[in-house]
Amino acid sequence: MEYFPTFIVLLASFLLRSSFAFQPPNVIILFADDLGLGDLGCYGHPSSLTPNLDKIAVKGLRFTDFYSTSPACSPSRAALLTGRYQTRSGIYPGVFYPGSRGGLPLNETTIAEVLNPLGYATAIIGKWHLGVGPDRMYLPTNQGFDHYLGIPYSHDQGPCQNLTCFPPDIKCFGTCDQGVVTVPLFANDTIKQQPVSFPDLEKSYSDFATQFIMTNARRKQPFFLYYPSHHTHYPQFAGKVTTGKSHRGPFGDSLMEFDSTVGDIIQALVDSGVHNNTFVFFTADNGPELLRMSRGGNAGLLKCGKDTTYEGGMREPAIAYWPGRIQAGVTHALTSTLDLLPTVARLAGAKLPRVQLDGFDMSDILFRHGPSKREAMFYYPTGASEKHGPFAVRLGRFKAHYFTAGSIKSSTTPDQDCHETAHLKYHDTPLLFDLETDPSENYNLATPDHPEYKAVLQLIQDVKTDFEGGMVFGEAQVGKGTDPALEPCCAPQCTPKPTCCSCS
Ligand code: MG
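Taking our numbering, the leading residue of the sequence shown gets 181, the next gets one more, and so forth.
This is the structure in structure tokens:
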């Protein structure tokens, strides 16, 4: 009966393509980098130019209480793609580097791997940041993606060549990582260009996305496009069309360029006739890098930014868009990047991976503006550890901080709590904030004047104890360290490294 599974796959594939069967929706996830709650026009920024995101926010559903799972890149991306806190997959402590030995374990199931068995075409463009590793084993093409075009880590994790910024004579701001290979552009698992040409990068992403959408729409094949952008991470760059065109300097130009690709993607959906059968979701990986001051993004009214477990580090703008299906509006439902995998699986009719998931299906919120199934959110720091567990917990409207720490990445604000000098502090009685009446975390309620909040703290403690009882930390992948020989080089045998790794 060996032919039997093959028969089932062929039958499923036939049904998917036949006109009288359920048409699984296409899925597009747009993921900005180091972008805060206050950065988009539709979230109140007075000078950002984000007309395309603003348009899908008006026609779609805008979230006010949406969270990433980490105030830093790699762990946040792992959680989005797997529907699991990054501690389970081992994406701690910190982020991956070009020569990292570890990566997102191959036995983790990504959204692409959830959709692939249903006949979806899958592609990622942009910043992977979940490892390259020995023999490039951790690249997206080994994690369920048919196609990859992009830079597999942050674009400041190399000597910052080929950046154009505004004013044009300034090629690079501040410091990028030195003594490592220049930033490569991968096509699948091959280096296409090293160093990458930043002024041309966004156009190549936009062209790829448009082509991918058109091709699959023509074939009537459902598709999943994941676009984790380099924008608006420091050091910002932009191509000819947007450089110097925003009202907000280099950060605004970078954001504007991202927004323009969003516009190209939506237009491609319309042109290919699939926009009424495509679920589009936008959010960002972590809060603004305030260290870069006006080039670092804006958390709006939230406290602190990147690399902190205050709201500014992890509460993000989010927009869901699906014309004809998602009713326009605003939702205050407590939601997270963790919820994308179960939601997408439900929309596509896919099976959930048989692992401990931390996400909840958001369908009721999307289609009926219903309540969230999520009751709590756990805030792990960038350097998550079993010893400390989550630094903070949100339960309903209340948030308790068990540990607080500032960070160099948030060190420029007037609020001293955000700074590097605010060292790790354990709160015997956790700090307690009501995020509905006090989203800026200004007024601690856990004081002797407010004994009525003792019961709230006890409830949060019970939820935390229960959660931690079920948390199994995976082997620390970032903790495996780095090996310079693993840095991606387009001329592997060349000398002297890393400077010889150069191919146009
Ligand atoms: Mg980031």
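Beta carbons are placed, not taken as given, at the ideal position from N, Cα and C, and that holds for glycine.
Identified DSSP bridge partners for L575: A556 and F578
Where G659 falls, given that 16 or more other Cβ within 10 Å makes a residue buried: exposed
Where the beta strand (DSSP E) through D544 begins and ends: No beta strand (DSSP E) holds D544; the alpha helix (DSSP H) holding it covers S543 to R548.
Beta strand (DSSP E) segment containing V460, residue limits: T458 to A464
Contacting residues, own chain, Cβ-Cβ under 6 Å from I304 (five flanking each side not counted): P320, F325, Y328 and Y406
Cα-Cα separation between R399 and V294, rounded to whole angstroms: 21 Å
Buried versus exposed, by CB contacts within 10 Å (16 or more), Y606: exposed
C-alpha gap between S434 and S386, whole angstroms: 14 Å
Given S250 as reference, the closest of P664, L532 and E491 once Cα atoms are compared: E491
Whole runs of the beta strand (DSSP E) within the stretch 204 to 282, excluding any shorter than 3 residues: 206 to 212 and 241 to 247
Distance cut-off 6 Å: N466 Cβ against heavy atoms of ligand 1: yes
The alpha helix (DSSP H) enclosing I291, as first and last residue numbers: I291 to L295
Touch test, the stretch 277 to 285 against the stretch 640 to 657, Cβ-Cβ under 8 Å, three pairs minimum: yes
Residue from P594, F571 and C598 whose Cα sits closest to the Cα of P610: F571
Alpha carbon of H512 to alpha carbon of S384, nearest angstrom: 36 Å
P314 - DSSP class collapsed to helix/strand/coil: helix
Ligand 1 heavy atom lying under 6 Å from the CB of C253: yes
Counterpart residues of I304 in DSSP-defined beta bridges: Y328 and Y406
Residue range of the beta strand (DSSP E) that includes G509: G509 to T511
Between the CA atoms of E648 and I506 - distance to the nearest angstrom: 35 Å
Bridge partners - A498, DSSP secondary structure assignment: F243
Same chain, Cβ closer than 8 Å to S682, neighbours up to 5 away in sequence not counted: T362, Q374, P375, C670 and A671
Contact under 7 Å by Cβ, L612 with A626: yes
Three-state secondary structure (DSSP) of F540: coil
C222 versus A500: straight-line alpha-carbon distance, rounded: 13 Å
Spatially closest choice to P285 from P297, Y272 and N296, by CA coordinates: Y272
Exposed unless 16 or more other CB atoms sit within 10 angstroms - verdict on F202: exposed
Alpha helix (DSSP H) runs wholly inside the stretch 425 to 490, at least 4 long, in chain order: 429 to 451
Distance between beta carbons of P205 and N457, contact taken as under 8 Å: 5 Å
C-alpha distance - G465 paired with S254, whole-angstrom precision: Strictly speaking, residue 465 in this sequence is Asp, with Gly absent from that position. Near 9 Å, if we compare the C-alpha coordinates of S254 and D465.
Segment contact, 8 Å Cβ cut-off, at least three pairs: the stretch 441 to 448 with the stretch 530 to 543: no
Distance cut-off 6 Å: D213 Cβ against heavy atoms of ligand 1: yes
CB of F243 within 7 Å of CB of L343, strictly: no
For K372, the three-state DSSP class (helix, strand or coil): strand
Residue ranges of each alpha helix (DSSP H) within the stretch 580 to 630, 4 or longer: none
Reduced DSSP category for L365 - H, G, I as helix; E, B as strand; rest coil: strand
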